[in-house]
Amino acid sequence: NNSQLSRNVIAHTLSENLKTIYVHFSVNVNAQQLRRASQENQATDQRQNYVDEIKKCQQQEIYNLELNKIVLLKNVPVQESEKEIKETLEEYGYSVEQVKRFNKMPMIMITLSKAEEMMKILQDKNIQIGYSMAQAVIFDKNRSRPKHHFKQCRNCHKLNHIAKNAQKRKICKYCGLKNHEASKCRTRMIQVDIDVYCARIIIQVILCNKGEYFHTKESFISKLKRDMKIRLISNFTLIQTTPVQKTQNNRKDADEISSLKREIEEMKAAFKEITKLVQSFKAMMQMGVGNRLRDEVNILNTGMDMNI
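Below is the structure:
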């Protein structure tokens, strides 16, 4: 109905104070259609006002510290248990009813028994749990938290924790083994790529309007594993280096070693020449000093003879 009315709109005009807008319809629009359109607009406005009032009440309930006794503590070590956290908070003077930890996350939810302690814990910046300083914020149960942001460990490559809090050894992100690093993995060089057509044949799926299921789950898994193993072995044999490539690499290494030896011999010969020049320069300096002393002695002797 609204789409039909919008086609019959001729013009829009504003009042003098610019607070009211007048909609001018064509002649073929009757009063009943206009009344129905105004009622629908009023209903949508009422629904929007109702939703806004509910959101406002929820916000008032959350930020009313006399009613809300739930607090989120961030930056809490994963190794600390709920019992240890409760004992630590009681040492700081807080009366805790319940401590709930989120799954493998450095964040806990605390329910306090007294509403007077809410303001105190929100302003407290010296809460130390384990080796970390915790931060308290109000828990908003109606908040829509984003799902795209997550933490991933670089050691075990699991979610919701980082490598600093990981308790497992570092594993390869390509094959999942612990005996090598990801940069040295051979599996990442193997492209295991099964197209859709081959996969449908392996799984025995027939595309039709009604749709059909797998015949048996065990036969599907065993057949898929066997085909994947064959593809892995064939691709791995292609990656292995041939004997011709190995001989070429050995020849390059031998050439580099011989060139390095040649450079070392040239440096030794140059060093010997420099030492010879230094020794000859020292001998020349010593000869010059000896001749100067002999001349001074001869001058002194001639002077003494003349005095006598």
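So that you can map any letter, position 68 of the sequence shown is 64 in the working numbering, and since no number is skipped, the others follow by simple counting. We put the CB at the ideal spot given by N, CA and C, even for glycine.
Q | Pairwise C-alpha distance: residue 223 and residue 124 | A | One-based indexing of the sequence shown puts residue 124 at position 128. One-based indexing of the sequence shown puts residue 223 at position 227. Roughly 55 angstroms between the two C-alpha positions.
Q. In the DSSP assignment, what are the bridge partners of residue 128?
A. Along the sequence shown, one-based indexing puts residue 128 at 132. In DSSP, residue 128 forms a bridge with 125.
Q: Count the other CB atoms, across all protein chains shown, that sit within 10 Å of the CB of residue 265; report buried if there are 16 or more and exposed otherwise.
A: Within the sequence shown, residue 265 is the residue found at index 269, counting from 1. That one is exposed.
(Q) I need the DSSP call for residue 107, collapsed to helix, strand or coil. (A) Here residue 107 refers to the residue found at position 111 of the sequence shown. Secondary structure at residue 107: strand, using DSSP grouped into helix, strand and coil.
Q) In three-state DSSP terms, what is residue 148? A) The residue you call residue 148 lines up with position 152 of the sequence shown. Reduced to three states, the DSSP call for residue 148 is strand.
(Q) Check for me: the beta strand (DSSP E) holding residue 94 runs from which residue to which? (A) Translated into the one-based positions of the sequence shown, residue 94 becomes position 98. Counting along the chain, the beta strand (DSSP E) containing residue 94 begins and ends at 92 to 97.
Q.
Bridge partners for residue 170 per DSSP, in chain order?
A. One-based indexing of the sequence shown puts residue 170 at position 174. Answer is none; residue 170 lacks a bridge partner.
Q: On a CA-only basis, which of 20, 147, 248, 173 is nearest residue 101? Give me that one, please.
A: Your numbering for residue 101 matches position 105 in the sequence shown. When C-alpha distances from residue 101 are compared across 20, 147, 248, 173, the shortest belongs to 147.
Q) Going by the CB atoms, is the gap between residue 134 and residue 67 shorter than 8 angstroms? A) As a position in the sequence shown, residue 67 is number 71, starting the count at 1. As a position in the sequence shown, residue 134 is number 138, starting the count at 1. The answer is yes: Cβ separation under 8 angstroms.
Q: Please classify residue 237: is it buried, with 16 or more other beta-carbons within 10 angstroms of its beta-carbon, or exposed?
A: Taking the first residue of the sequence shown as position 1, residue 237 is located at position 241. With a pLDDT of 49 at residue 237, under the threshold of 50, the predicted position of this residue should be treated as unreliable, though the coordinate-derived value follows. Residue 237 is exposed by the Cβ-count criterion.
Q) Between residue 164 and the rest of its own chain, which residues show a CB-CB distance below 7 angstroms, the 5 nearest in sequence each way excluded? A) As a first step, residue 164 must be located in the sequence shown, where it is residue number 168. These residues qualify, in order along the chain: 151, 152.
(Q) Quick check on DSSP: helix, strand or coil for residue 6? (A) Residue 6 sits at position 10 when you count from the first residue of the sequence shown. The answer is strand: DSSP assigns residue 6 an E or B state.
Q. Helix, strand or coil for residue 72 per DSSP?
A. Start at 1 with the first residue of the sequence shown, and residue 72 comes out as number 76. Three-state DSSP puts residue 72 in coil, outside helix and strand.
Q: Output the distance between the C-alpha atoms of residue 182 and residue 256, rounded to the nearest integer angstrom.
A: Position 186 of the sequence shown, counted from the first residue, corresponds to residue 182. Position 260 of the sequence shown, counted from the first residue, corresponds to residue 256. C-alpha separation (whole angstroms): 33 angstroms.
Q) Taking C-alpha atoms, which residue in 93, 115, 263 lies nearest to residue 105? A) Looking up residue 105 in the sequence shown gives position 109. Comparing Cα positions, the closest option is 93.
**Q.** residue 51 and residue 130 closer than 8 angstroms at C-beta
**A.** The count along the sequence shown starts at 1 and reaches residue 51 at position 55. The count along the sequence shown starts at 1 and reaches residue 130 at position 134. Between residue 51 and residue 130, the C-beta spacing is not below 8 angstroms.
Q.
Measuring alpha carbon to alpha carbon, tell me which residue in 45, 19, 80, 272 is nearest residue 33.
A. As a working mapping, residue 33 is identified with position 37 in the sequence shown. Closest option to residue 33, Cα to Cα, is 19.
Q. When you compare only the Cα positions, how much space is there between residue 178 and residue 249?
A. On the sequence shown, residue 178 is found 182 positions in, with the first residue counted as 1. On the sequence shown, residue 249 is found 253 positions in, with the first residue counted as 1. A straight line joining the alpha-carbon of residue 178 with that of residue 249 spans about 27 angstroms.
Q. Which first and last residues belong to the beta strand (DSSP E) in which residue 17 is found?
A. If you number the sequence shown from 1, residue 17 lands on position 21. Residue 17 -> beta strand (DSSP E) spans 17 to 21.
Q.
Can you tell me whether residue 158 is helix, strand or coil according to DSSP?
A. In the sequence shown, counting from the first residue as 1, residue 158 sits at position 162. In this structure, residue 158 counts as coil in the three-state DSSP scheme.
Q | Counterpart residues of residue 133 in DSSP-defined beta bridges | A | Taking the sequence shown and counting its residues from 1, one reaches residue 133 at position 137. Answer is 68, bridged to residue 133.
Q. Comparing alpha-carbon positions, which option in 121, 128, 136 lies nearest residue 107?
A. Translated into positions along the sequence shown, residue 107 becomes position 111. Per the Cα distances, 136.
**Q.** Distance between residue 37 and residue 8 (C-alpha atoms, nearest Å)
**A.** To locate residue 8, count along the sequence shown from 1; it is residue 12. To locate residue 37, count along the sequence shown from 1; it is residue 41. For residue 8 and residue 37, the distance between alpha carbons rounds to 17 angstroms.
Q | Sequence-distant residues of its chain with Cβ nearer than 8 angstroms to residue 91 (five each side left out) | A | Position 95 of the sequence shown, counted from the first residue, corresponds to residue 91. Around residue 91: 108, 109, 110, 113.
Q.
Does residue 209 come out as helix, strand or coil in the three-state DSSP assignment?
A. What you label residue 209 is simply residue 213 of the sequence shown in a count that begins at 1. Confidence in residue 209 is poor, its pLDDT being 43 and thus under 50, which makes the residue's placement unreliable; the coordinate value appears in the next sentence. Residue 209 falls in the coil class under three-state DSSP.
Q: Measure the alpha-carbon distance for residue 278 versus residue 269 and round it to whole angstroms.
A: Reading the sequence shown from its first residue, position 282 is the one you call residue 278. Reading the sequence shown from its first residue, position 273 is the one you call residue 269. Whole-angstrom Cα-Cα distance: 15 angstroms.
Q) Where does residue 5 land, buried or exposed, given buried means 16+ other C-beta within 10 angstroms? A) Position 9 of the sequence shown holds residue 5. The residue in question, residue 5, is exposed, as its Cβ has fewer than 16 Cβ neighbours within 10 Å.
Q.
Within the continuous alpha helix (DSSP H) that includes residue 113, where are the two ends?
A. Counted from its first residue, the sequence shown places residue 113 at position 117. For residue 113, the enclosing alpha helix (DSSP H) has its first and last residue at 113 to 119.
Q. With residue 162 and residue 149 assumed to form a contact (beta carbons below 8 angstroms), what rounded beta-carbon distance in angstroms separates them?
A. As a first step, residue 162 is located in the sequence shown; it is residue number 166 there, counting from the start. As a first step, residue 149 is located in the sequence shown; it is residue number 153 there, counting from the start. Contact between residue 162 and residue 149 holds, with the beta-carbon distance rounding to 5 angstroms and staying under 8 angstroms.
Q. Could you give the distance in angstroms between the alpha-carbon of residue 115 and the alpha-carbon of residue 176?
A. Position 119 of the sequence shown, counting from 1, holds the residue named residue 115. Position 180 of the sequence shown, counting from 1, holds the residue named residue 176. Residue 115 and residue 176: Cα-Cα distance of roughly 51 angstroms.
Q: Mind checking which residues open and close the alpha helix (DSSP H) that includes residue 85?
A: Within the sequence shown, numbered from 1, the residue matching residue 85 stands at position 89. Residue 85 -> alpha helix (DSSP H) spans 78 to 87.
Q: Tell me whether residue 100 sits in a helix, a strand or coil according to DSSP, three-state version.
A: Indexing the sequence shown from 1 puts residue 100 at position 104. Residue 100 falls in the coil class under three-state DSSP.
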